[in-house]
Amino acid sequence: MTDLDELAGAQQGMASRAQVLASGLTVEALRWAVRSGRWQRAHAGVYAMFSGPLPFEAQVWAALLRAGPGAVASHRTAAYLDGLCDEPGEVIHVTVPADRYVEPRIDGVRVHFAHRLARTRHPSKNPPRTRVEDTVLDLVDAASHPREAEGWVTAACQRRLTRPDRLAGALARRKKIRWRAMVEAMLDDVASGAQSPLELRHLRRVERAHGLPTGCRQRRVAGQRVSWIDVDYEQYRVRVELDGRLGHTGEGRFRDHHRDNDATVDGRATLRYGHADVFGNPCAVAAEQARVLTARGWTGTARRCRPGCPVRSHDHQGSVVP
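Everything in the sequence shown is counted per the UniProt record's numbering, starting at 1 for the first residue and increasing by one.
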C-alpha cells in the first residue's frame, strides 16, 4: 500500500498538497491528476483524490486540512458527527489552537480559536473533533436563547452521548461561558431525570412553581413490555406523559397507547401534555394536576405562582379553600 493509499483510507480520500508531495508524487503529476479530472481541488492546497461529490466526512477533512495542523471539527459539525443533531448545518465548523494564524475566509468553513484545544480534543475519533462534552458547551456558549442552550444539554443526555456529571466536570474547567448559572442548575435537573426542554419546563414551571409533589422522572417499568414513565407520582397512582415530537409518532405512538391502557387497567390515571400546554399555560397544567392528585390522596397544598394563577388550594376532601 502506498502512502497515498493510506491517506485515502485515513482521510476519506482527502490530502493536502504537502502530504501529496511528501508521498513522492511530483508537482507535475499532481497538476495532471487535477487537469484530467481524476482528482479535484476542494480548497487552496487541498485535493480530493477522486471525482464526483464529496461526502460529508470528506468535506470535514478538506476543511481540517485547509485550516492546518491541530485543527479539529467542532460546534455543530462535531455535534453531527457524534449524533447529537440530525442536520450538519450550512457550514463546516473547525477549531484551531489560539496561537495559530489561519486564513480568515475559507469557503463554507467557519474557523474558531481555542486556548485549551489540547484538552478538549478527543484523543482518537476520526475525523478529529472536540470531545462531546466540550462540543455541547461550545454550542451552549454560542446559543442566542436559553431554550437553545437547554436543547443541546438535554439532547446530549437523552441520546446517551454523555452524562450530567461529565458535563458538569467540563463546565467547571471553563473560565468563561454564556448561560453558566442556568446550565449549572439545569444539570442537577437533568441528573434527576428531566431529559428535554419540555420536561425541564414541567419540572420548574409546573411542579416546583406550584408546590406540587415531586414525581419520579424517567421511571422504568417492566412488564410484558418495558416502558418509561416521564413523571410518575407512584404514591397517588398518577402518571404524567410529556409528548414532544420524538418518540410519539408512528410506532412510538402505539407504544404510548398500550402503556396508557395498561395503566388504566391497573387503576392509574395518565395525564398527557405537549409543548403548547407546558410552555403556553403551565399554570393550567398545574391546576389540573393538583385536582387529580388531591382526588387520589395528596394532602399537600398547591400554591399560586403569581397573581392571576388559576391554581386553587383544596382541602383533603377536594373542596376549594377560599
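Quick reminder that beta carbons are idealized off the backbone N, C-alpha and C, glycines included.
Report all residues from its chain with a CB closer than 8 Å to the CB of residue 32; omit the five preceding and five following residues, and keep chain order.
Taking the sequence shown and counting its residues from 1, the one referred to as residue 32 is at position 32. Around residue 32: no qualifying Cβ.
Work out the CA separation of residue 122 and residue 108 for me, nearest whole Å.
What you label residue 108 is simply residue 108 of the sequence shown in a count that begins at 1. What you label residue 122 is simply residue 122 of the sequence shown in a count that begins at 1. Cα to Cα, residue 108 sits roughly 23 Å from residue 122.
Please confirm whether residue 150 and residue 197 have their CB atoms less than 9 Å apart.
To locate residue 150, count along the sequence shown from 1; it is residue 150. To locate residue 197, count along the sequence shown from 1; it is residue 197. Contact flag set, yes.
Does DSSP classify residue 323 as helix, strand or coil?
The structure shown does not extend to residue 323, since the chain is modelled only from 1 to 322, so the question has no answer here.
Near residue 284, what residues of its chain come up, given a Cβ to Cβ distance below 7 Å and the 5 sequence neighbours on each side ignored?
Locating residue 284 in the sequence shown gives position 284, counting from the first residue. Only 310 meet the Cβ criterion.
Within this structure, are the beta carbons of residue 73 and residue 64 separated by less than 9 Å?
As a first step, residue 73 must be located in the sequence shown, where it is residue number 73. As a first step, residue 64 must be located in the sequence shown, where it is residue number 64. Yes, they are a contact pair.
Can you say whether residue 134 is buried or exposed, counting buried as having 16 or more other CB atoms within 10 angstroms of its CB?
As a first step, residue 134 must be located in the sequence shown, where it is residue number 134. Residue 134 is buried by the Cβ-count criterion.
C-alpha distance - residue 233 paired with residue 282, whole-angstrom precision:
Position 233 of the sequence shown, counted from the start, is the residue given in the question as residue 233. Position 282 of the sequence shown, counted from the start, is the residue given in the question as residue 282. Pairing residue 233 with residue 282, the inter-Cα distance amounts to about 18 Å.
Excluding the five sequence neighbours on either side, which residues of its own chain have a C-beta within less than 7 Å of the C-beta of residue 70, listed in chain order?
In the sequence shown, counting from the first residue as 1, residue 70 sits at position 70. If we look at residue 70 and ignore the five residues flanking it on each side, its Cβ neighbours are 96, 97, 100, 117.
Anticipated Cβ contact below 8 Å, residue 303 with residue 202, distance rounded:
Taking the first residue of the sequence shown as 1, we reach residue 303 at position 303. Taking the first residue of the sequence shown as 1, we reach residue 202 at position 202. 17 Å between Cβ atoms; not a contact.
DSSP-derived helix/strand/coil call for residue 164
By 1-based counting over the sequence shown, the position of residue 164 is 164. Helix at residue 164.
Are residue 236 and residue 298 touching if we call contact CB-CB under 9 Å?
Walking along the sequence shown from the start, residue 236 turns up at place 236. Walking along the sequence shown from the start, residue 298 turns up at place 298. In this structure, the beta-carbon distance from residue 236 to residue 298 falls below 9 Å.
Taking residue 56 and residue 88 to be in contact with their CB atoms under 8 Å, please state how far apart those CB atoms are, rounded to whole angstroms.
Taking the sequence shown and counting its residues from 1, one reaches residue 56 at position 56. Taking the sequence shown and counting its residues from 1, one reaches residue 88 at position 88. At roughly 6 Å, the Cβ-Cβ gap stays under 8 Å, so residue 56 and residue 88 are in contact.
Use the C-beta contact count for residue 160: other C-beta atoms within 10 angstroms, 16 or more gives buried, fewer gives exposed.
The residue you call residue 160 lines up with position 160 of the sequence shown. Residue 160 should be labelled exposed.
Count the other CB atoms, across all protein chains shown, that sit within 10 Å of the CB of residue 27; report buried if there are 16 or more and exposed otherwise.
Within the sequence shown, residue 27 is the residue found at index 27, counting from 1. By the neighbour-count rule (16 or more Cβ atoms within 10 Å), residue 27 is not buried but exposed.
Do you know how far the Cα of residue 41 is from the Cα of residue 169?
Against the sequence shown, residue 169 aligns to sequence position 169. Against the sequence shown, residue 41 aligns to sequence position 41. Their Cα atoms are separated by approximately 42 Å.
Quick one: is residue 239 buried, meaning 16 or more other Cβ sit within 10 Å of its Cβ, or exposed?
Start at 1 with the first residue of the sequence shown, and residue 239 comes out as number 239. By the 10 Å Cβ count, residue 239 comes out buried.
When you compare only the Cα positions, how much space is there between residue 19 and residue 191?
As a first step, residue 19 is located in the sequence shown; it is residue number 19 there, counting from the start. As a first step, residue 191 is located in the sequence shown; it is residue number 191 there, counting from the start. Going by C-alpha positions, residue 19 is about 46 Å away from residue 191.
List the endpoints of the continuous beta strand (DSSP E) containing residue 110.
The count along the sequence shown starts at 1 and reaches residue 110 at position 110. Counting along the chain, the beta strand (DSSP E) containing residue 110 begins and ends at 109-114.
Counting only the same chain and skipping the five closest in sequence on each side, list residues whose C-beta sits under 6 Å from that of residue 128.
Taking the sequence shown and counting its residues from 1, the one referred to as residue 128 is at position 128. Within the same chain, Cβ atoms closer than 6 Å to the Cβ of residue 128 are found at 72, the five residues on either side in sequence being excluded.
Give the DSSP bridge partners of residue 274, in chain order.
Taking the sequence shown and counting its residues from 1, one reaches residue 274 at position 274. 243.
Tell me, please, which residues DSSP counts as bridged to residue 72.
The residue given as residue 72 occupies position 72 in the sequence shown. DSSP output for residue 72 lists 95 as bridge partner(s).
Buried or exposed: which applies to residue 14, given that a residue is buried once 16 or more other Cβ atoms fall within 10 Å of its Cβ?
Counting from 1 along the sequence shown, the entry for residue 14 is found at position 14. Buried.
One question on the structure: do residue 94 and residue 111 come within less than 9 Å of each other, judged by their Cβ atoms?
For the purposes of this step, residue 94 is taken as the residue at position 94 of the sequence shown. For the purposes of this step, residue 111 is taken as the residue at position 111 of the sequence shown. At a Cβ-Cβ threshold of 9 Å, residue 94 and residue 111 count as neighbours.
Please state whether the Cβ-Cβ distance between residue 39 and residue 51 is less than 9 Å.
By one-based count along the sequence shown, residue 39 stands at place 39. By one-based count along the sequence shown, residue 51 stands at place 51. Going by C-beta atoms, residue 39 is nearer than 9 Å to residue 51.
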